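Numbering (numbering that gives the first Met the number 0), first residue to last: 0 to 188.
All C-beta atoms, glycine included, are put in the ideal place defined by N, C-alpha and C.
Note that the structure is predicted; figures quoted are calculated from it, not measured.
Accompanying notes for the structure given below.
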Amino acid sequence: MGVAILFPVATSFYVTWWFLQFFDNFFSPLYYHLFRIHVFGLGFMTSMAFILAVGVFFSSWLGSALLGVGEWLIKRLPLVRHIYSASKQVSAALNPDNEAAKAFQECVLIRHPRQGEFAWAFITGRTVLQYVPTNHVYVGDVFLLEEADVIHTNLSVREGLEIVISVGMAVPPTLIALDANQSRQKQLM
C-alpha cells in the first residue's frame, strides 16, 4: 500500500526536480562565471524569462519578419530543412492554441499485431492515420487504415494517453465500442 501511495508522489518530485535542474544548468554557469555566485533556481528563472522574451519578440512585427527570413534561409539548407520542417509540424500539432492542428483527434482500438490482439491508437487525420505508441511514448508506428478496421471507443484522447503513459494500469472500468456515427457525435460535443 505504501508503494502505491509513494510511487506517483516520488515520480512527480523526480520529474519536477530533473526539469528544474535541466533549465537551471543553462544560465547558472554564466552567473557563476560573471558574479561568482550560485543560487539554485536563478538559472531556471532566467531560462523561463528568456523563453518568454523570445515568444514576445517573435510575436511582434519585426520578430515575425526576422522569423520569415530565418525560415527562408533554413529551407535552403539540404538536411536542416527536413529536420526543421518536421519539428515545426510537431510544434504546431501540440500547440494548445491551434485547434485546427490538434495532434490526436480520437482514441481508438485497432487489430494489431495479430488477429485477436488489439492496440491503442490515436486518429491523427481525416484519412484515418493512426499513431500507435510503442514502449517509448514518444516513439511509435503510423498506420494508414480503412475506416472499417478501426474500433471507435468511448474514451477521450486524454484517457487514452493516460492508459499509454501508465503502461496500461489506468484503464477505465468500462470500455464501450462505438459505431462511426456515435464517434462523430462524440467529437462534436
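- The segment 23-32 and the segment 42-58 touch, with three or more beta-carbon pairs separated by less than 8 Å.
- If you look at F57, you'll find it in the alpha helix (DSSP H) that goes L41 to S58.
- Scanning its chain for C-beta atoms nearer than 6 Å, with the 5 sequence neighbours on each side dropped, one finds around H111 the residues A118, in chain order.
- The DSSP-derived three-state label of T173 is coil.
- Excluding sequence positions up to five before and after A169, its CB lies within less than 6 Å of the CB of E161 and I162, all in the same chain and listed in chain order.
- Of the residues I175, D148, P171 and L5, the one whose Cα lies closest to the Cα of R113 is D148.
- Between the alpha carbons of D140 and F121 lies a gap of roughly 11 Å.
- Residue pairing by DSSP places W119 opposite L108 in a beta bridge.
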